[in-house]
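Novice: One structure follows; several queries about it will come next.
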Amino acid sequence: MTDVSLASRPSRDYTLEARGVSKRFGGTQALDEASLLLRPGSVHALLGGNGSGKSTLIKCLAGVYRADSGSVVLPGYDGPAAGVTPSLAHQAGLRVVHQDLGLFDRMTVAENFALDSGFPTTAGRIKWRELDKRVDELLEEYAIPARPRDPVGSLRPAERTLVAIARALQDQRDSEHVLLLDEPTASLPEHESAALLAAIRERAAAGQTVVIVSHRLSEVMDVSDEITVFRDGRVVGNLVTAESDASDIVRLIAGKDLANGLAAALPAPEIRTVEPALAVSGLAAGPLSGINLTLWPGEIVGVAGLLGSGRSSLLKAVYGALPRTAGAITVGGRALRNGGIGDALRAGLAMVPENRLADAALTSMTVRENMSVSVLRSFWRGWMRHSTERRTAADLASRFQVKTAGVESPFMSLSGGNQQKVILARWLRREPSVLLLDEPTQGVDIGARAEIYGKVRESTAHGCAVLVASSDHEELAELCHRVVVLDQGRIVAELDGEVDASDITYAVQTHHSLETPA
Amino acid sequence: MTDTETPPAVADASPTHPEQTPANRPNRLLELAERFALVVVLVVVTIFFSVLPASRELFPTIPNVRIVVASQSVTLLLAIAAMLPLISGHFDFSVGATAATTCVLVAGLMSRHSTSPWVCIIAAVLLGAAIGLANGIAVQRLGMNSFVTTLATATLLGGAIQWYTKGQTITGNIAPSLIEFGSHTWLGVPRVVFLVAVVTAGAYYLLTHTPYGRALYAMGDNVAAARLVGVPVRRYGITAFVLAGAVAGIAGIVLTARTGGANADNGTAAVFPALAAVFLGATAILPGRFNVIGTVIGVALVAVSVSGLTLAGAQDWVNPVFNGAALAIAVAASSYLGRRSRGA
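Heads up: the sequence lines are chains A and B, in that order. If you want this note's numbering, it's the 1-based position in the first sequence plus 4. If you want this note's numbering, it's the 1-based position in the second sequence plus 905.
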């Protein structure tokens, strides 16, 4: 730490102080008297459900939003929070890395750095050599195994995030900047997250102050020194991670005791005497080969595996969205034709895809239209019975606890969790015999998550079989009766009965379960 | 090239800010004002030209209304034709050229081969549908960009018209019954209006009262999601182009009936007022969404304004300038509304 940076610090205790920051949007108090104190060289996690205020606070600190009240102390600034502008925040060393990273995948690593900081030039000509040298040093400092001329798109997900981080921090002299990471691991598979989090810890050890916004509690417990919990725009807890208990934090986030919702005893699946709900034999499709899998009515089966192991492909192949090259799929004893979603739908299959916005949402349409799109024909009697459609949609919205001003509200006005409930309602209203769920609670807050689990369990009571692919092993452990583990397109292990997340993680990493080596 | 190009009214997916939505939610009054703003504009423009000294002699008269209604029948048919693929997420610039082609077909069959009117009519609709089928297969099966594909089709058809007509107007031997249909009235209303009304009602029924219509809107919104909920997106997408071609074929018949023949015009210029009306229509009744009633109001607004301007003695160049400005404003407004309906 140089003398200059020390002198510019307002206080030796904190790199950043925000006190009593409030922000109102129309009728919603998005942020209510929130405070945040960052110790230099610490990893500080912000936890909370969707719309709890954590992103709003970050945006106020970065000058994106103008706070209504409160005060902020930053290097070189001590005054009202409303006075923070984007350029002031930048000068004070605040660097935000957003979830989408903002990288140009088809350009090289060096170009990505230079597009942010400017290209070194002589008389207008780019000095590539100098740029490469500078970028090479940065890559080495951040231990990113890439060369300056590699296209960013060729890097692994965790490395791409690190490139974005290194790019954001490239102008600091001595770890004096504050790094704000918004959901850095949300779209990463578990082993990639682990690599990224380890790198973040290393940065902190070198003196970097890091703020991390996350949904994943286990991760936050691993990586952070301190935790600030948000709910309904207020700070409801300031904790030192080492002294805290995960279940206490869950209670703070949710504001209610979720012990029942999160750890409900699983009802035993029905006795396996009837016909299987879904039978897959010798399936080969895309990366998959030799898949044999049977689901019984009322059973919830998890699919675990690293990214690229074929989790999503398995669901798509069963659904008919990915043509199969070998094997047979029967639903309730009825063989499905190859390559055709229509046949799968008629047989009673339903699928909630992984990427909600890209593959499920009708983004310019209403909640009602998003719910009805799966059952349009049922409203048709030579004309569309719009009143029946509206009534059933309103009924579904209340049954699925969708928080909305009404079924005619735009789908995109809902929070992520409520959007997911609408997509789930779209399918469950068909009373499917087999429900395929791909990452069903990605980007969904803990409260909505419990409600979604509740609806999935409820559907099994009517004999629906559920196949869940997820990278969240806590989710699989909680929801499933049985978990199969995929590796390179094959089922390499199966975990039955009482499983917990660590058993699944072990099986995913080692390719065999503890008791029955594959 | 895949389904990346989407019409502006349903494009521009922007990131959402959940914290901001309550502030953006319009109250009911604002919503109502938005839905009927275009109607208000139409009424104001009509009143304006009815009292303007330069046009008040001729504008608010029954004969002028008849002329406006009859002359805009082709524009409305083309607007409805263009709307169907547009809703499914694809442009069709060839509807004007398709109408011009079927117009030449009808005139040519009658004039050079003395074919009976009914055979001509069926041939025109079938040819239009066939052109639509070619567009649909190119876009949906071969994955070609609809914008470029239909421009190519339009250019190609323009060339074919040149070749067949040798640049000459075809007039002789057009069936009198067809010409009467184009120029006479029933119950004081131009006869073509009845045909246009039937087509418009059919499009309204198809889009708001059939699963097919709703599926088209879903495809235009998110084709991947539509496929995953079981919409046969290729078949439906091709059907939209075929229907567009068939409606354009009907527009061609009306064109022959109205002009008593066919000229070597390639019909491309006719597309732009039609598109202007469709995009204007997306700002009304169901803001942010292409819809039939909005499109009718859009056509009426363009027609009334052009008629008023002409009667007020405006120069020839005013007409295209007005159409261009209307198209730009309509696209801007419907893009804005489309974005807002996403809660952004």
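The C-beta atom is built at its ideal place from N, Cα and C for all residues, glycine as well.
1) Which chain B residues are close to A/W132, counting only those with a beta carbon under 8 Å from its beta carbon?
2) Flag this pair as touching only if the stretch 132-139 of chain A and the stretch 151-158 of chain A have three or more C-beta atom pairs under 8 Å; answer yes or no.
3) Do A/L184 and A/I62 come within 9 Å of each other at the CB atom, strictly closer than that value?
4) So, does the CB of A/F108 fall closer than 9 Å to a CB anywhere in chain B?
5) Smallest Cα separation from B/S1019: which of B/L1160, B/T1076, B/V1128 and B/F1177?
6) From B/I1198, B/L1206, B/L1242 and B/A1219, pick the residue whose C-alpha is nearest to that of B/A1231; which is it?
7) Using a cut-off of 8 Å between C-beta atoms, extract the partners of B/A1123 located in chain A.
8) Out of B/V1138, B/G1203, B/T980 and B/V1147, which one is the CA nearest neighbour of A/G346?
9) Taking buried to mean at least 16 other C-beta atoms within 10 Å of its own C-beta, is A/R70 buried or exposed?
10) By the criterion of Cβ-Cβ separation under 9 Å, what are the contact partners of A/W384 in chain B?
11) At a Cβ threshold of 9 Å, is B/G1107 touching chain A?
12) Hey, does B/A1120 have any beta-carbon neighbour from chain A nearer than 9 Å?
13) Please name the residue in B/L989, B/G1157 and B/N1127 whose C-alpha comes closest to that of B/A1002.
14) Mind listing which residues of the stretch 339-368 of chain A have their C-beta closer than 7 Å to chain B's C-betas, in chain order?
15) For B/M1049 and B/G1172, what's the separation of their Cα atoms in angstroms?
16) Report buried or exposed for B/G1072, applying the criterion of at least 16 other Cβ atoms within 10 angstroms of its Cβ.
17) Quick one: which residues of the stretch 386-411 of chain A get their C-beta closer than 9 Å to a C-beta of chain B? List them in chain order.
18) Three-state secondary structure (DSSP) at A/Q424?
19) Quick check on B/A1130 - is its C-beta less than 9 Å from some C-beta in chain A?
20) What residue from A/R207, A/D178 and A/E163 has the CA that sits closest to A/S197's CA?
21) Let me confirm a value: A/T125 is counted as buried when at least 16 other C-beta atoms fall within 10 Å, else exposed. Which label applies?
22) Which one of A/V233, A/G57 and A/D36 has the shortest CA to CA distance from A/G24?
23) In chain B, which residues lie with their C-beta within 8 Å of the C-beta of A/A202?
24) Assuming the contact rule is C-beta atoms closer than 8 Å, A/L319 and A/L440 should be a hit. Round their C-beta distance to whole Å, please.
25) Give the interface partners of B/P990 over in chain A, defined as CB-CB distance under 7 Å, in chain order.
26) Does DSSP put A/V406 in a helix, in a strand, or in coil?
27) Under a CB-based cut-off of 9 Å, is B/Y1110 close to chain A?
28) List the residues of chain A whose Cβ lies closer than 7 Å to the Cβ of B/V1134, in chain order.
29) List, in chain order, every chain A residue whose beta-carbon is nearer than 7 Å to that of B/N1127.
30) Mind checking which residues open and close the beta strand (DSSP E) that includes A/M375?
31) How would you label B/E936, buried or exposed, when you count the other beta carbons within 10 angstroms and need 16 or more for buried?
32) Considering A/N242, what are the terminal residues of the beta strand (DSSP E) in which it resides?
33) Starting from the beta carbon of A/A325, find every residue of chain B whose beta carbon is closer than 9 Å, and list them in chain order.
34) Mind checking if A/R430 is an interface residue toward chain B, Cβ cutoff 9 Å exclusive?
35) Scan the stretch 1103-1186 of chain B and note each continuous beta strand (DSSP E) run of 3 residues or more that stays entirely inside, going in chain order.
36) A/T165: which of A/A364, A/I495, A/Q103 and A/V379 sits nearest, CA to CA?
Specialist: Answer, in terms of the structure:
1) Ordered by position in chain B, no residue passes the 8 Å Cβ test against A/W132, which lies about 32 Å from the chain.
2) The stretch 132-139 of chain A vs the stretch 151-158 of chain A: in contact.
3) At the C-beta level, A/I62 and A/L184 come within 9 Å of one another.
4) Not one chain B Cβ lies under 9 Å of A/F108.
5) Looking at the Cα atoms, B/T1076 is the closest of the given residues.
6) The option with the nearest alpha carbon to B/A1231 is B/L1206.
7) By Cβ distance, chain A contributes L366, M369, E373 and V377.
8) Check the Cα spacing between A/G346 and each of B/V1138, B/G1203, B/T980 and B/V1147: the tightest is with B/V1138.
9) When all chains shown are included, A/R70 counts as exposed.
10) What A/W384 touches in chain B: H1114, T1115 and P1116.
11) Using beta-carbon distances, B/G1107 does not count as an interface residue toward chain A, since no partner is under 9 Å.
12) Yes, contact with chain A.
13) Out of B/L989, B/G1157 and B/N1127, B/G1157 has the C-alpha closest to the C-alpha of B/A1002.
14) If the cut-off is 7 Å between Cβ atoms, the stretch 339-368 of chain A has I345, G346, L349, M355, P357, A362, D363, A364, A365, L366, T367 and S368 near chain B.
15) Between B/M1049 and B/G1172, the C-alpha separation is close to 23 Å.
16) So B/G1072 ends up on the exposed side.
17) Flagged, chain order: G386, W387, M388, H390 and A409.
18) In this structure, DSSP gives A/Q424 a helical state, which the three-state scheme calls helix.
19) With 9 Å as the cut-off, B/A1130 counts as an interface residue toward chain A.
20) The candidate whose alpha carbon is nearest that of A/S197 is A/E163.
21) Classified as exposed, A/T125 has fewer than 16 neighbouring CB atoms from the shown chains inside 10 Å of its CB.
22) Cα-wise, what sits closest to A/G24 is A/D36.
23) Taking a Cβ-Cβ threshold of 8 Å, none of the residues of chain B is close to A/A202; the smallest such distance is about 29 Å.
24) A/L319 to A/L440, Cβ: 5 Å. Contact.
25) Taking a Cβ-Cβ cut-off of 7 Å, B/P990 has no neighbours in chain A, whose nearest Cβ is about 17 Å from it.
26) It is coil, neither helix nor strand.
27) It does; some Cβ of chain A falls within 9 Å.
28) Within chain A, the residues near B/V1134 are V377 and S378.
29) In chain order: A365, L366 and T367.
30) Premise fails: A/M375 lies in the alpha helix (DSSP H), V371 to S376, not in any beta strand (DSSP E).
31) Within a 10 Å sphere around the beta-carbon of B/E936 sit fewer than 16 other beta-carbons, which makes this residue exposed.
32) Where A/N242 is concerned, the enclosing beta strand (DSSP E) stretches over R238 to V244.
33) R1132 and L1133, listed in chain order.
34) So yes, A/R430 belongs to the interface.
35) Correct list: empty.
36) Taking the Cα of A/T165 as reference, the smallest distance to any Cα among A/A364, A/I495, A/Q103 and A/V379 is reached at A/Q103.
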